[in-house]
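J.: The structure that follows is given in the form of structure tokens.
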Amino acid sequence: MNLYIKKTRLSIRAAVLAGFVMAALWGLPVSNCSIKIGHLRLVFPTGFVENSLLSHGVRMELVPGMMIIGLLLLLFGRFYCSWICSASSVHQLAEPVLYRPIVGRRVPWLKRFFLTPCEGVSKKLNLGYGDGLAIFLGLVAGVALFDFPFFTIFSPMGLVSRNVIELAVHKRLRYDLLLLAGPLLVGLFFRHGWKTCCPDGLMQRFVASWNKTLLPEVDPTACNGCAKCRRTCPAGLLAEDTVRLAGDCLKCLQCIEICPNHAVHLRLFPRKTRTPIPSKLSPGRRV
Ligand code: SF4
Ligand code: SF4
Numbered sequence: 001m002n003l004y005i006k007k008t009r010l011s012i013r014a015a016v017l018a019g020f021v022m023a024a025l026w027g028l029p030v031s032n033c034s035i036k037i038g039h040l041r042l043v044f045p046t047g048f049v050e051n052s053l054l055s056h057g058v059r060m061e062l063v064p065g066m067m068i069i070g071l072l073l074l075l076f077g078r079f080y081c082s083w084i085c086s087a088s089s090v091h092q093l094a095e096p097v098l099y100r101p102i103v104g105r106r107v108p109w110l111k112r113f114f115l116t117p118c119e120g121v122s123k124k125l126n127l128g129y130g131d132g133l134a135i136f137l138g139l140v141a142g143v144a145l146f147d148f149p150f151f152t153i154f155s156p157m158g159l160v161s162r163n164v165i166e167l168a169v170h171k172r173l174r175y176d177l178l179l180l181a182g183p184l185l186v187g188l189f190f191r192h193g194w195k196t197c198c199p200d201g202l203m204q205r206f207v208a209s210w211n212k213t214l215l216p217e218v219d220p221t222a223c224n225g226c227a228k229c230r231r232t233c234p235a236g237l238l239a240e241d242t243v244r245l246a247g248d249c250l251k252c253l254q255c256i257e258i259c260p261n262h263a264v265h266l267r268l269f270p271r272k273t274r275t276p277i278p279s280k281l282s283p284g285r286r287v
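Residue numbers are given in full-length UniProt numbering: position 190 of the sequence shown equals residue 190, and the series is strictly consecutive.
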């Protein structure tokens, strides 16, 4: 079951990236944040807001496509963030190459002079969704005041998909790819910074707060509190907190893969209770 989840997620990510490249080569109007099917253009809420601001009026022709995306978010929550978004694919590819070696002390000076101070600043600032909302409103104001597509530049999803298309069609990358360093570093060095600063993720969170499908749930009789799920979770959640913090959960299902006691399961598929394997931690202690 666990291997099956991992393979499925990797296959979907690879298929999505390959799909963008193929679509770009064939000149189809498809990108990571907008897909045109006949007269229908599927856009994310951020794309709708940006397009409307730039047009100085509500883009009514985008409303049906945006409502379909909104419905999918209501049904599946932030599934998009962890299974499809190319920016999160890049982030996941970069993490074992950049973050883990640093944390694993293979680059101790970088950990000492960069990662540890960053974590200190992060703890002090206590970045949260309020800050993400401030960034979002700042971008809205920027688009409205300067008639410039700030969302498109800031959103990692847009940057990655534009460059994938450019690479496929013109065999070159765009200079704006350098801007990806901002969210990438925030994501890598402020452990949960990416979800805080991504405007698309933020809007998806609001919609997904009501969503309980594909949500992992913990069998308390099988959980020994080892907290492996929190250490692997891109949102830093303990699997037992997902029901309370549904908007934070990206539905990546990595907690199901990693749990040594098979205590995590989908709410849709309740399981029989089982005896927990004792943790090395003292009884009842949570990390
Ligand atoms: S990894 Fe499994 S056993 Fe460990 S805390 Fe999470 S749910 Fe419980
Ligand atoms: S709680 Fe589980 S499914 Fe949700 S984001 Fe964390 S690891 Fe992924």
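Glycine is no exception: its CB is placed at the ideal position from the N, C-alpha and C atoms.
1) Hey, out of Cys255, Met66 and Lys36, whose CA is closest to Glu50's CA?
2) Nearest CA to the CA of Leu167: which residue from Ala18, Thr213, Lys6 and Leu40?
3) DSSP three-state call for Ile5: helix, strand or coil?
4) Excluding sequence positions up to five away, which residues of its chain have a Cβ less than 6 Å from the Cβ of Ser52?
5) What is the rounded straight-line gap between the Cα of Cys249 and the Cα of Ser209?
6) Am I right that Gln254 and Cys223 are in contact with their C-beta atoms under 8 Å? What's the rounded C-beta distance?
7) If you draw a straight line from the alpha carbon of His170 to that of Ala23, how long is it in whole angstroms?
8) Of the choices Ile69, Cys229 and Leu180, whose alpha-carbon is the least far from that of Leu42?
9) Tell me whether Val63, by its Cβ, gets closer than 8 Å to a heavy atom of ligand 2.
10) Identify every residue that forms a DSSP beta bridge with His265.
11) Do the CB positions of Val164 and Phe48 come within less than 9 Å of each other?
12) Please list the terminal residues of the continuous alpha helix (DSSP H) segment that includes Phe113.
13) Can Cys223 be considered in contact with ligand 2, in the sense that its beta carbon sits closer than 8 Å to one or more heavy atoms?
14) Taking the alpha-carbon positions, what's the Ser11 to Ser82 distance?
15) Quick one: Cα of Pro216 to Cα of Leu145, how far?
16) Could you tell me if Leu281 is buried or exposed, where buried requires 16 or more neighbouring beta carbons within 10 angstroms of its beta carbon?
17) What would DSSP say about Pro64, mapped onto helix, strand or coil?
18) What number of angstroms, rounded off, separates the C-alpha of Thr213 from the C-alpha of Trp109?
19) For Val143, which residues in the same chain have their Cβ closer than 7 Å to its Cβ, ignoring the five residues on either side in sequence?
20) Using DSSP with H/G/I as helix, E/B as strand and the rest coil, what is His56?
21) Can you give the Cα-Cα distance for Asp241 and Arg230, rounded to whole angstroms?
22) Rounded to whole angstroms, what's the CA-CA distance from Leu62 to Leu71? Just pull it up for me.
23) Alpha carbons only, please: which of Val121, Pro64 and Val207 is nearest the one belonging to Gly38?
24) For the alpha helix (DSSP H) holding Lys228, just list the boundary residues, first then last.
25) Check this for me: beta carbons of Tyr80 and Gln204, under 9 Å apart or not?
26) Considering just the uninterrupted stretch of the alpha helix (DSSP H) at Arg148, what are its terminal residues?
27) For residue 292 versus Asn211, is the C-beta distance shorter than 9 Å?
28) Considering Cα atoms alone, identify which of Gly138, Leu177, Leu25 and Glu257 is closest to Thr8.
T.: Well, looking at it:
1) Met66
2) When only C-alpha atoms are compared, the closest one is Ala18.
3) helix
4) Val58 and Arg59
5) 9 Å
6) At roughly 16 Å, the Cβ-Cβ gap does not stay under 8 Å, so Gln254 and Cys223 are not in contact.
7) 14 Å
8) Ile69
9) no
10) Glu217
11) No; because the gap between Cβ atoms is not below 9 Å, this pair is not in contact.
12) For Phe113, there is no enclosing alpha helix (DSSP H), as DSSP marks it with neither H nor E.
13) no
14) Cα atoms of Ser11 and Ser82: separation of roughly 13 Å, rounded to the nearest angstrom.
15) 42 Å
16) Because Leu281 sits at a pLDDT of 49, beneath the cut-off of 50, its placement in the model cannot be relied upon, and the point is left open.
17) helix
18) 43 Å
19) Glu50, Leu53, Leu54, Pro149, Phe150 and Phe151
20) coil
21) 10 Å
22) In a straight line, the C-alpha of Leu62 is about 14 Å away from that of Leu71.
23) Taking Gly38 as reference, the option from Val121, Pro64 and Val207 with the minimal CA-CA separation is Pro64.
24) It spans Lys228 to Thr232 - the alpha helix (DSSP H) in which Lys228 sits, taken as one unbroken run.
25) yes
26) Correcting the residue type first, residue 148 is Phe in the shown sequence and not Arg. Unbroken run through Phe148: none, as it is neither H nor E.
27) The structure shown has nothing for residue 292, since the chain only spans 1 to 287.
28) Glu257
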